[in-house]
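Residue numbers (this note's numbering): -5 to 87.
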């Protein structure tokens, strides 16, 4: 079964506000690096992915609904350099 991508309303609003396209998100989901995992998220486990689009770092939080064959995009954002290290892979504590 091929997975389909489902965009939550919140993610679409954030994408529009931040000039992030559906193609950008697809690229990140296909080639981005998982930097955090949230196995206990409900109703589905989720992950945080880092990817680069035209030199711009982006994070995508997505959940996997395996039984429905869906990848659910929860939110998309450009990480704040004050909150992340230079690689945007680790949070600054």
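A virtual CB, placed ideally from N, CA and C, is assigned to each residue, including glycine.
Note that this is a predicted model, so its numbers are computed, not measured.
- Scanning 61, 87, 56 and 65 for the CA closest to the CA of residue 71 turns up 56.
- The beta carbon of residue 79 sits closer than 7 Å to the beta carbons of 86 from its chain, once the five residues preceding and following it are set aside; these are given in chain order.
- In this chain, the alpha helix (DSSP H) harbouring residue 10 covers 3 to 11.
- CA-to-CA, the gap between residue 43 and residue 15 works out to about 16 Å.
- Assignment of residue 61 by DSSP, reduced to helix, strand and coil, places it in the coil class.
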